Amino acid sequence: MTETVLVLGGGQAGAQAAASLRQEGFGGRILLIGAEPLLPYQRPPLSKAFLAGELPRERLLIKPEAFYRQADIEPMLGVAATALDVQARHLSLDDGRRLAFDRLLLATGGRPRPLDCPGADHSRLHYLRTVADVEHLRRHFHTGARLVIIGAGYIGLEVAAVAAKHGLRVTVLEAAPRALARVTSPEVSAFFQRIHTEAGVEIRCNTGVVRIEGTADLARVITGDGAGLDADLVLAGIGLLPNVELAQSAGIACDNGILVDELGNTSAAGILAAGDCANHPNAIYGCRFRLESVHNAIEQAKTAAATMAGKRKPYAQVPWFWSDQYDIKLQTAGINRGYDSVVVRGDPATRSFAVFYLLGERLLAVDAINRPAEFIAARTLIPRRAAVDATRLADDAVPVKDLLA
Amino acid sequence: MIKVTYIEHNGTQRIVDVEAGVSLMEAAVSNLVPGIDGDCGGVCACATCHVFVDDAWLARLAPMESMEDAMLNLAEGRDANSRLACQLKAAPELDGLVLRTPIGQH
């Protein structure tokens, strides 16, 4: 009998898993179920080139339509799952269909954390996760428009950079004492705050939002210190909530994401998870992470696809991320959680430097700003878990390749 | 439109029409050329679009920027004619370009 794999989620992980299943030799049926009406597309450009209008929608696709036909992958788009029965092995959809499966991959991703204050239903308040979100946002994304961004994370800062270049008047409100506080060091936060300030973006830290007032075509953002900011457009970029509800109500173990093992298996036999929604054990760091990145989505999907095809390719990756803002390319390798010292290599004033994160003598992560060589070196050094020499790391006169010796 | 020939590691040749300005990574992915991933979408962040440029064409390409040069060190089997296809943009003077793709990326 032909086996059926359902891939639930039409994002980066879902697309990769479907493709990798065929590469691993799986000959059964593959159904790729996506809640959005579009074939899987790349999300990183949404807050960059696509928002800037430099990239048409068709060019966002991860694979062209012909690929799915050629690989005999059946996309089912614009449908959401409503219930999962792990014993009977079927998945119910919101169009009334019920699909039986042999194996199921949950690649359900996440959704923007909603702003939780009065007025959060204002029509000029936007989030950024999907093509549709950006298309709505772009309606009022015009030169001279006043844009208030809530949250100085990657999404907020990338949008601020595009908006400043387009001549919008941009204010960023951040509840924490500094930008990117959740992910980076004070050194890197200070750098990004400076380049945004130089570009004309105002960043207000220690500033929460208490409510949104205003009329239909004007929002007034009221901050915790009592100030009111008029805005033609408000964007909230305050994090992602993993889509775990379906798994949870089916009795699958979740804790900040759907818990998986190093092969992508959840607590339910035959059901796997990958990508933003999955919480995995990382052998290099010896702890669990739930990561929101393209690389993680792709690699977890490859692991899960191999498992579903009866192979064994445990996930053991140094996570990496990137962000493009103005002329700056930030490349992060590793996770800096728990670091106890930083080593700065190069001068931030030159817009080209790297910050290494250490725990004792062990390298945990690097933030490389226009410094690809340091980024690459860190990807080699981190999994070694060997002692590194902080003095040499800090010395820009020591060639990067010698750091690997 | 220009014509670009992609030759797989097993010798299979594919001639693809590419619109001017489109990257040769994107052209490969959208024409189902195997051996090129382009995980980061073409922003020189991942080094999964490594190609080998036919020697006759090497000197005719725009020179590498430092980011591409550094990122290529992540690619397996880097050679003197290695490039990242996302950084090569189709242009009239590249009509007839020949690229070889590796067995896989990483």
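Chains as they are written, first to last, in the working numbering: chain A, 32 to 436; chain B, 3 to 108. For glycine and all other residues, C-beta sits at the position ideal for the given N, C-alpha and C. As the structure is a computational prediction, the values presented were derived from the model and not from experiment.
Going by alpha carbons, who is nearest to residue i out of the options?
| i | options | result |
| --- | --- | --- |
| THR113 of chain A | A:SER280, A:LEU70, A:ALA176 | A:SER280 |
| THR411 of chain A | A:ARG423, A:VAL397, A:ASN401 | A:VAL397 |
| SER25 of chain B | B:ILE9, B:VAL53, B:GLU10 | B:VAL53 |
| ARG393 of chain A | A:ARG376, A:ARG402, A:SER372, A:ALA385 | A:SER372 |
| ASP358 of chain A | A:ILE366, A:ARG225, A:ARG382, A:PRO345 | A:ARG382 |
| GLY259 of chain A | A:ALA212, A:ARG242, A:ALA300 | A:ARG242 |
| LEU135 of chain A | A:GLY127, A:ARG144, A:SER123, A:LEU146 | A:SER123 |
| ARG416 of chain A | A:ALA425, A:LEU199, A:LEU390 | A:LEU390 |
| GLU205 of chain A | A:ARG225, A:ALA183, A:ARG213, A:PHE98 | A:ALA183 |
| ARG343 of chain A | A:LEU63, A:ASP164, A:LEU294 | A:LEU294 |
| GLU323 of chain A | A:LEU156, A:HIS157, A:PRO350, A:GLY175 | A:PRO350 |
| THR338 of chain A | A:LYS360, A:ARG120, A:ASN296, A:ILE253 | A:ASN296 |
Could you list which residues in chain A have their beta carbon closer than 7 Å to that of residue i, in chain order?
| i | result |
| --- | --- |
| ASN75 of chain B | ILE407 |
| SER32 of chain B | PRO95 |
| GLY109 of chain B | Look at the range of chain B in this structure, 3 to 108, and you will see that residue 109 of chain B is not part of it. |
| ALA72 of chain B | PRO403, ALA404, ILE407 |
| THR93 of chain B | According to the sequence provided, residue 93 of chain B is Ala. The question's Thr does not apply to it. Within chain A, no residue comes near ALA93 of chain B; the closest Cβ sits about 18 Å away, beyond 7 Å. |
Return yes when at least one heavy atom of the ligand FAD lies under 6 Å from the C-beta of residue i, else no.
| i | result |
| --- | --- |
| ASP126 of chain A | With respect to the ligand FAD, the structure offers nothing, as it holds no ligand at all. |
Reducing DSSP to helix, strand and coil, say where residue i ends up.
| i | result |
| --- | --- |
| GLY259 of chain A | strand |
| PRO414 of chain A | helix |
| THR174 of chain A | coil |
| GLN15 of chain B | strand |
| ARG62 of chain B | coil |
| ALA49 of chain A | helix |
| GLY306 of chain A | helix |
| ARG169 of chain A | helix |
| TYR72 of chain A | strand |
| GLU189 of chain A | helix |
| PRO312 of chain A | strand |
Is residue i near residue j, with beta carbons less than 7 Å apart?
| i | j | result |
| --- | --- | --- |
| ALA314 of chain A | GLY288 of chain A | no |
| ALA267 of chain A | ALA230 of chain A | no |
| SER51 of chain A | ALA336 of chain A | yes |
| SER78 of chain A | VAL190 of chain A | yes |
| LEU99 of chain B | VAL6 of chain B | yes |
| CYS30 of chain B | ILE38 of chain B | First, the amino acid is wrong: residue 30 of chain B is Ala here, not Cys. Yes, the Cβ-Cβ distance between ALA30 of chain B and ILE38 of chain B is below 7 Å. |
| PRO379 of chain A | PHE132 of chain A | no |
| ARG60 of chain A | THR33 of chain A | yes |
| ALA409 of chain A | ALA305 of chain A | no |
| ALA49 of chain B | ALA404 of chain A | no |
Determine the chain A residues that contact residue i at a beta-carbon separation under 9 Å, and present them in chain order.
| i | result |
| --- | --- |
| MET69 of chain B | LYS360, ASN401, PRO403 |
At 8 Å on the CB atoms, spell out the chain A contacts of residue i, in chain order.
| i | result |
| --- | --- |
| GLU28 of chain B | ARG90 |
| ALA82 of chain B | In chain order: nothing, as chain A lies at least about 18 Å away. |
Taking residue i as the query, report the chain B residues whose CB atoms sit under 7 Å from its CB, ordered along the chain.
| i | result |
| --- | --- |
| GLU279 of chain A | Before going further, note that residue 279 of chain A is Gln rather than Glu in the sequence given. Near GLN279 of chain A there are no residues of chain B at all, since even the closest Cβ is about 30 Å away, more than 7 Å. |
| ILE329 of chain A | ASP41 |
| VAL325 of chain A | ASP41, CYS42 |
| PHE98 of chain A | LEU34 |
Pull the bridge partners of residue i from the DSSP assignment, please.
| i | result |
| --- | --- |
| GLN362 of chain A | A:TRP353, A:ALA399 |
| SER25 of chain B | B:LYS91 |
| LYS5 of chain B | B:ASP19 |
| MET107 of chain A | A:ILE64 |
| PRO273 of chain A | A:GLY141 |
| ILE243 of chain A | A:VAL252 |
| LEU86 of chain A | Answer is none; LEU86 of chain A lacks a bridge partner. |
Under 8 Å Cβ-Cβ, which residues of chain B neighbour residue i?
| i | result |
| --- | --- |
| PHE387 of chain A | What PHE387 of chain A touches in chain B: nothing, since even the nearest Cβ is about 17 Å away. |
| ASP355 of chain A | VAL45 |
| GLN101 of chain A | LEU34 |
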